[in-house]
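Single-structure report; data block below.
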Amino acid sequence: MRVRGSVPFLKTVIGAMLACLVANPASADGANYWIDESTDFTGNGCQNSDLNDVTSSLRSELNNRGWTGTRWSNANAWPEDFIEQNLGGIDHVAGDARTLSVYAGHGWRALIQFGFQRNGVCTVSFPNSTRLGTQGGDEAVYAMWVTSCTVNLDSLSSHFDQAIRQTFGYHNSPSVKDDQPRDFFRETDDLRNERAWIEEMEDRPGWFTGDNSPIALTFGLSPNHCDWVQDTAKLRDQTLLYQAPSPDTHYCYLMFDNGQSGC
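Numbered by my numbering, the letters in the sequence shown go through residues 169 to 431 in order.
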C-alpha cells in the first residue's frame, strides 16, 4: 500500500529555502552511522522482555562497505543519545550526528524504550524529545526503528518534526530475525530503500508465525519530490546520503499492512 499526503507542520517559510535542493552537502554528510541496541531488559530499571541481537551483523556489513560509525548496546545505549540537545540530551554527538540513525529494542507508538535506566529515564518519545535532522546535531538523514509500533499509522504525525528523508519502522509489534537489518541494507544496492525495507522486514522467524507490518515513511518538499525520494534513495548504493532539503511539507509511505497486533 502506497500513500501520500500533506504534513500539517508549522513550517511555512519556503521562499529561498527551495534552493536547498541543489545546495552542497553538509560536511558531516556521507556514509556514517549511529546504532544503539537494547537486548537486556531484566533488572535494570526498565523492565520488559529480553530481545535478540539484530544490529551486530548490520554494523559489520556497514563497516565492510566503507561506512564509519559506532554501535552501543545495553548499559552503553543511552536514552539521551536520541534526545534533543536543547532538551538535555546529547543527540548532537550521538543519534543526530550521523547520516543513518538506528535504535533496536522495545517501543510503542512514537516511542522507543531502552533496557537500562539513566537519570530516571527509560523511554524517548516523539516529537517531545526527538528532533532528528534539526537543531542540535542536524546531521541525520535516515532513521531506523527496529522496535514495536514506533511508526504505527496512528502515530505518523508524531514523526513530522523530524527533518530527515526517510524513517523505517513497523505498524505492529514485529518479530525480527538476527540478520534482517543487515539483509535490508544489502538489498538497497539494487532496490530502493522503501521496497527493500518492506520486502525484507515482512517475514517473521519460524513457521506459521504470521507477518510483520513494515512501513517506510518518506518526506519531501512536494508530492512529486516525495515520490522522487521514494524512488531514488538507496543506502548501500549511497544514493541521497546528504541532508534533506527544507521545508519537508509532504509525506508518503509504503507498507505491507498485516495488521497492528501488539499496538
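For glycine and all other residues, C-beta sits at the position ideal for the given N, C-alpha and C.
query: Under the three-state DSSP convention, the category Gln406 falls into; result: coil
query: Ala194 versus Ala401: straight-line alpha-carbon distance, rounded; result: Unreliable placement is indicated for Ala194, whose pLDDT of 35 sits below 50; no coordinate value is reported for it.
query: Beta-bridge partners of Trp202, as assigned by DSSP; result: Thr238, Ser269
query: Ile280, DSSP secondary structure in three states; result: strand
query: With 16 other Cβ atoms within 10 Å as the buried cut-off, status of Asn380; result: buried
query: Same chain, Cβ closer than 7 Å to Gly427, neighbours up to 5 away in sequence not counted; result: Asn340, Ser381
query: Nearest residue (CA-CA) to Thr315, options Phe328, Ser293, Glu307; result: Ser293
query: For Pro373, the nearest candidate out of Val344, Pro391, Asn254, Glu367 (CA to CA); result: Val344
query: Pair within 7 Å by beta-carbon distance, Ser225 and Arg404; result: no
query: For His339, three-class secondary structure by DSSP; result: coil
query: Contact check, Gly237 vs Phe250, beta carbons under 7 Å; result: no
query: DSSP beta-bridge partners of Ala331; result: BP columns for Ala331 are empty, so no partner.
query: Ala196 - DSSP class collapsed to helix/strand/coil; result: Its pLDDT being 42, under 50, Ala196 is placed unreliably in this model, and the coordinates cannot settle the point.
query: Under 7 Å between C-beta atoms of Gly305 and His274; result: no
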